[in-house]
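According to the working numbering, the sequence shown is numbered sequentially starting from 279. Note that beta-carbon positions come from the ideal geometry of N, C-alpha and C, so glycine has one too.
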Amino acid sequence: MDRNTLIGLLLMFGIIAGSFYLMKPSDVEIKKEQALQDSLARVKQGLAPLADSTIAATEIATVQPVDSAALKLPFGAAKFGTEQIITLENDKIIAKISSKGGRVKSVELKGETNFNGKPLILFEGDHNRFGLKFNAAGENINTNDLYFATADTDVKISGEDAKSIKLQLTYGVDQYIEYVYTLKGDGYNIGLDINTKGIQNKIDQKSIALDWETILLQKEQNIDSERQKSTVYYKEVDNVDHLSESKDDEKELKEKVEWIAFKQHYFSNILSSKTGFSTANVNVKSTIEDEVVKLYSATAQLDYATQKDNSYSLSFFFGPNQYKTLKAEGHDFHKIINMGWGPMRWINQFITVPVFDFLDNFHLSYGIVILILTLLLKLVLSPLTYKSYLSMAKMRVLKPQLDEIKAKVGDDNAALLQQEQMKLYKTAGVNPLGGCLPLVLQMPFTIAFFYFFPNLFELRGESFLFMKDMSTYDTLFTFSPIFGVNHVSLMCVLMTLTTLLTTWYNNATSGATGQMKYIGYFMPLIFFFVLNSFPAGLNYYYFLSAILTFLTQLIIRSMVNDDKILAKLEDNKKNPKVQKKSSFQSRMEEAMRQAQQNKK
């Protein structure tokens with residue numbers, strides 16, 4: 279081999295080696311090709327291709343083989359695609375709309391956080407499924423699993439502006455299902471118009487099922503309390519009702535349904551229809567899975583006319599369970615907040631809420647607002663408190679005379695003892711129940727606040743004194759769970775001690791003896807274990823109420839003279855008009871006389 283031939287061979291090998299090196303694909307190109315091959319393999323298996331930003335949708339469409347049989351199926355071409363996310367943002371929320379299913383994939387509430395300080399996201403990913411279910415040409419269709427097409431991009435607005443995006447699920451030429459999402463600049467609502475065009479002859483049924491499933495995760499410190507206040511609400515005709523809050527529940531709604539709400543403790547996802555859903559089936563399930571509050575599902579029927587195109591006007595509300603916010607939305611949304619039953623609900627709706635909102639307008643600390651609210655309540659109820667204390671004072675000054683009657687009659691004849699005591703009450707002009715009736719009249723207000731504060735959204739995340747969040751319990755110290763209890767609330771301890779002090783003072787001033795004396799001490803201890811895990815705001819109110827009650831009694835005690843009361847009662851014994859029996863006293867005396875005769 280001559281010299282020229284050897285040089286030529288070396289040059290050829292060099293060129294070949296250099297071309298291999300220079301033309302070697304980059305790491306990005308290798309990953310891209312691998313993802314493409316994986317997606318093609320999934321397509322051949324009947325699965326959706328992998329969503330990967332390194333693969334262009336046109337590239338997949340170019341190389342993936344066309345399955346003519348699949349294309350002939352209803353919405354066959356929409357079974358494969360690449361997920362596209364469109365963000366809708368206004369002053370209140372950030373919602374992400376997915377082209378897969380055309381559904382709301384996640385919602386974040388701006389300005390709100392979870393108990394751990396992270397952004398508050400109502401749901402995200404596959405935790406929210408939403409789609410239409412129907413039969414087309416013999417095939418069962420669920421739009422949640424299909425890919426919609428859209429040419430729209432992200433939307434960010436504020437103020438009075440409003441913008442819409444469109445997503446289309448194509449069946450054929452001029453045959454499609456269209457979702458139109460509309461967002462206004464300020465609010466928690468996202469409008470959804472569903473339009474079906476040209477497919478009326480493809481769907482042979484009188485209704486289309488709208489399927490909605492959501493998994494809601496923990497957002498509050500006390501997940502047990504959060505679970506107890508979370509369930510499905512709905513409005514059927516003019517009646518707002520709900521499923522059980524304490525157990526798994528399901529109900530078939532046979533009348534027209536205006537809206538369905540997946541309610542969490544302080545936040546709700548509400549789906550409403552202008553024309554209403556013809557029927558619906560709602561379901562809620564509990565779970566012990568960590569961080570999962572509850573599992574919700576609803577299947578609502580949309581009337582479908584097979585002789586024309588159909589349109590449905592729906593609306594989502596993604597926002598807080600704040601009474602004034604829900605009240606402003608209308609449609610009785612505010613009724614998903616549990617304000618109690620009967621008189622307690624009326625007190626909260628027509629007295630507590632308006633007064634609280636009025637005080638809230640001054641932008642004071644909520645600890646101060648609760649203090650003022652408690653002072654106003656005590657001021658309004660002070661006449662009843664005075665009458666109650668005055669009645670107890672009368673009973674106290676009559677105690678020596680009652681003891682004389684007891685010594686004279688003895689303990690063996692209870693009926694005669696009660697008869698003689700009632701005679702003394704009548705001649706002295708004393709109602710033995712006078713001290714109890716004012717307290718009974720105050721009870722509806724006490725119970726009403728038991729519902730009001732645990733459901734008060736305004737307290738969420740608000741701190742006051744040592745309470746970091748007044749919407750949940752404060753912690754003095756924690757320990758290993760004992761019968762499900764793992765902490766002690768400082769505010770609950772203060773409330774209990776103050777109540778015991780008030781009880782001691784009441785017993786001292788009223789002269790209570792026997793079982794009644796000890797029941798007064800026993801009840802605060804029971805309430806300590808009940809209220810230990812309740813919101814600090816509620817215990818703070820009860821603490822203030824006990825303090826103010828104690829101070830009020832001290833003031834009234836300084837105004838009341840026992841000697842003057844006793845002199846007045848002695849004068850009553852000489853006044854026949856005072857001795858006139860009330861109907862209650864007459865019935866009591868008659869009952870005791872009858873008991874005495876039966877005993878004889």
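Taking only the alpha-carbon atoms, compute the straight-line gap between D638 and Q627 and give it to the nearest angstrom. 16 angstroms
Cα-Cα separation, I879 to S442: Summary: the structure shown does not reach residue 879, with the chain confined to residues 279 through 878, and so no result is reported for it.
Closest to W619 by CA distance: which of Y644, P722, A706 is it? P722
Using only CA atoms, which one of I804, S823, T756, N616 lies nearest to T776? S823
M260 and D747 closer than 8 angstroms at C-beta: Residue 260 falls outside the range modelled here, since the chain spans only 279 to 878, and no answer is possible.
On a Cα-Cα basis, can you pick out the residue from W537, I834, Q600 that is closest to Q579? Per the Cα distances, W537.
Using the Cβ count rule (16 or more neighbours within 10 Å means buried), how would you classify Q483? exposed
Taking its Cβ as the centre, do 16 or more other Cβ atoms sit within 10 Å of N368, making it buried, or is it exposed? It is buried - the Cβ of N368 has at least 16 other Cβ atoms within 10 Å.
Please determine if the segment 420-436 and the segment 349-358 are in contact, where contact requires at least 3 C-beta pairs separated by less than 8 angstroms. yes
Suppose you measure from the CA of N559 to the CA of I615; what does that come to, to the nearest Å? N559 and I615: Cα-Cα distance of roughly 22 angstroms.
Check whether the Cβ atoms of T492 and D587 lie closer than 8 angstroms to each other. no
Tell me, which residues are paired with Y459 by DSSP? I443, L470
With 16 other CB atoms within 10 Å as the buried threshold, where does L655 fall? L655 comes out buried.
Tell me which residues share the same chain as G597 and place their Cβ nearer than 6 angstroms to its Cβ, disregarding the 5 neighbours each side in the sequence. The answer, listed in chain order, is Y466.
Where G403 falls: helix, strand or coil (DSSP): Three-state DSSP puts G403 in a helix.
Cα-Cα separation between L410 and D471, rounded to whole angstroms: Roughly 13 angstroms separates the two Cα atoms.
Is L351 helix, strand or coil by DSSP? coil
Quick check on the DSSP output: what are the complete alpha helix (DSSP H) runs of length 4 or more inside the segment 547-626, in order along the chain? 601-607, 621-625
In angstroms with no decimal places, state the Cα-to-Cα distance between I501 and H765. Straight-line spacing of the CA atoms in I501 and H765 works out to 14 angstroms.
If the criterion is Cβ atoms closer than 8 angstroms, does the pair F727 and Y819 meet it? yes
Cβ-Cβ separation, L387 to I371 (assumed contact under 8 angstroms), whole Å: 6 angstroms
Inter-residue spacing [alpha-carbon to alpha-carbon] between K534 and F594: Cα to Cα, K534 sits roughly 18 angstroms from F594.
Only counting the same chain, and skipping five residues up and downstream in sequence, which positions put a Cβ closer than 7 angstroms to that of P732? F812, P813, L816
Mind checking whether S551 and Y590 have CB atoms under 8 angstroms apart? yes
For a test of the three-state rule: what should DSSP assign to Y512, helix, strand or coil? strand
What is the rounded straight-line gap between the Cα of S556 and the Cα of E528? 18 angstroms
Pairs of beta-carbons, one from the segment 650-664 and one from the segment 825-834, closer than 8 angstroms: are there three or more? Yes: the two stretches touch, three or more of their Cβ pairs being nearer than 8 angstroms.
Extent of the continuous beta strand (DSSP E) to which N764 belongs: 763-766
Taking the straight line between their C-alpha atoms, what separation do you get for A539 and V510? 6 angstroms
Looking at the structure shown, is A503 part of a helix, part of a strand, or coil, going by DSSP? Here the sequence assigns Ser to residue 503, which means Ala is not the residue at that position. S503 falls in the helix class under three-state DSSP.
Since L488 sits in a beta bridge, which residues does DSSP pair it with? L410, A578
Just to confirm the assignment, what range does the alpha helix (DSSP H) spanning T827 have? 814-837
With H, G and I counted as helix, E and B as strand and the rest as coil, what does DSSP make of N420? strand
In its own chain, which residues sit with a C-beta less than 8 angstroms from the C-beta of I683, not counting the 5 before and 5 after it? L695, E698, Q699, L702
Quick check on N810: does DSSP put it in helix, strand or coil? coil
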